[in-house]
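So that you can map any letter, position 52 of the sequence shown is 54 in the numbering used here, and since no number is skipped, the others follow by simple counting.
Beta carbons are placed, not taken as given, at the ideal position from N, Cα and C, and that holds for glycine.
All values derive from a computational prediction rather than experimental measurement.
Take a look at the structure below.
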Amino acid sequence: MKKKLYKSVKDRKLTGVCRGIAEYFDIDSSIVRIVWLVLIFCAGTGLLAYIICAIVLDDNTNE
Numbered sequence: 003m004k005k006k007l008y009k010s011v012k013d014r015k016l017t018g019v020c021r022g023i024a025e026y027f028d029i030d031s032s033i034v035r036i037v038w039l040v041l042i043f044c045a046g047t048g049l050l051a052y053i054i055c056a057i058v059l060d061d062n063t064n065e
């Protein structure tokens, strides 16, 4: 089965991007959230990447 990257519907804090990425890579969503925060505060590119993912990724309606 081919994996697809979706925003999560069941475990969202803002838009479900972090949980969707965590499901895709089969890791805990807290780890992905911490990585996003580090990218936002250190490089500043994390916020832009999050906004782009929130716009581009579809919702996972299979949940």
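List the whole-angstrom C-beta distance separating residue i from residue j, where the pair is believed to meet the contact cut-off of C-beta under 8 Å.
i          : j          : result
residue 20 : residue 34 : 4 Å
residue 56 : residue 17 : 4 Å
residue 48 : residue 38 : 5 Å
Could you please give the first and the last residue of the uninterrupted alpha helix (DSSP H) stretch that includes residue i?
i          : result
residue 20 : 19-27
residue 45 : Element bounds for residue 45: n/a, residue is neither H nor E.
Report the partner residues of residue i according to the DSSP bridge assignment.
i         : result
residue 9 : 61
Using C-beta distances below 7 Å, list every residue in its chain close to residue i, excluding the 5 sequence neighbours before and after it, in chain order.
i          : result
residue 31 : 13, 20, 21, 24
Decide if the region 56-63 is in contact with the region 5-22; the criterion is three or more beta carbon pairs, one per stretch, under 8 Å apart.
yes
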